[in-house]
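Take the sequence shown: its letter number 36 is residue 36 in full-length UniProt numbering, and every next letter is one higher. C-beta atoms are modelled at their ideal positions from N, C-alpha and C, and glycine is treated no differently. Written below as structure tokens is the structure these notes are about.
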Amino acid sequence: MKTILKYRLDASGNDTSLTLTDGFRVVRTEYIPAEKRVHLWVEVPLKAGTPETRVDFRVIASGQPIGDDFGYVGTALDTHAPEAYHVFNRVAEQVAQSSGGDHLVRVA
């Protein structure tokens with residue numbers, strides 16, 4: 001089984017670290033004008049015992065540089081202003097099975 005979870009990203013240029021089940025897949029990035037925030041939807045497997053990985057996501061504006069260790073994920077457009085937010089990620093570290101993890105609270 002699998003599900004899709006929604007996460008809010010920091011759009012100030014700082015990393016947002018998420019602990020995600022291995023085999024995750026980003027399915028959507030979107031800027032929500034009412035909240036003035038970038039969100040990320042991630043498909044994750046629900047199989048118990050699946051290893052987890054901490055992944056750093058970073059949101060940058062057009063023209064801003066980002067390190068080669070980041071990979072492009074998607075772009076979120078502000079439909080009310082001429083702004084585009086580009087989402088990148090990199091694997092931060094494998095998470096030990098026995099740890100409780102540092103899960104972010106997902107957004108409904």
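- Taking 3 residues as the minimum length, the beta strand (DSSP E) runs contained wholly in the UniProt domain "DUF7352" (1–95) are 2–9, 16–21, 25–32, 37–45, 52–61, 71–78, 83–95, in order along the chain.
- By the neighbour-count criterion, in which 16 or more other beta carbons inside 10 Å mark a residue as buried, V91 falls on the exposed side.
- Taking a C-beta distance under 8 Å as the contact criterion, A11 and V59 qualify as a contact pair.
- Beyond the five residues adjoining it in sequence on each side, I66 comes within less than 7 Å, by CB distance, of R58, I60, F88 in the same chain, given in chain order.
- Less than 8 Å divides the Cβ of T21 from the Cβ of P45.
- Rounded to whole angstroms, G13 and K2 show a C-alpha spacing of 30 Å.
- When the alpha-carbon of A48 is set against those of T79, H80, V42, G23, the nearest one is in G23.
- Counting only the Cα atoms, H80 lies some 25 Å from D15.
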